[in-house]
Amino acid sequence: APVALVHGDLSGDHLLAGEDGELTGVIDFAEARLSDPALDFAGVLNRFSWRDLEVVRAHYDAPLDATLLERARIYIEIVPIYSVTDGYIAAGEAERAQGLHRLAGRAAAWARSGGNRAR
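Using our numbering, the first residue of the sequence shown is number 4, and each one after it goes up by one.
The structure is reproduced here in structure tokens:
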């Protein structure tokens, strides 16, 4: 994966929008670091839709590689694991419970698919 300066915690809490819904800014760069840009796109997908991600992507200045969206999707797939193993430290037991619930849902979807990757 390419490496770029990423926000590191891009989510709805850190995206500013005008009254018309247009993206007007990004705040809180405390977690900024050199990493895979797909992490920032995964942060958007964690709370928003693929359509919303396209809005953010339109404002992204750096060149994007062909596999960025696939890597973002993979990062989103592992969010429940993070919620169970680490996320609860900052957010509490509710985060762990939500992560376990999401993992169970994904396991059930995988089983229903006959072992094919569920989307």
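Virtual Cβ for every residue (Gly too), placed ideally from N, Cα, C. Please read these numbers as outputs of a predicted model, since none were measured by experiment.
Straight-line measurement puts the Cα of W113 at about 19 Å from the Cα of R74.
Annotation: the continuous alpha helix (DSSP H) that includes L103 extends over 96-115.
L48: member of the alpha helix (DSSP H) spanning 41-48, first to last residue. Where A61 is concerned, the enclosing alpha helix (DSSP H) starts and stops at 53-61. In the DSSP annotation of this structure, the continuous segment of the beta strand (DSSP E) that includes A20 starts and ends at 18-20. In the DSSP secondary-structure assignment, V29 is bridged to L18. In this structure, V82 sits near N49, with a CB-CB distance shorter than 8 Å.
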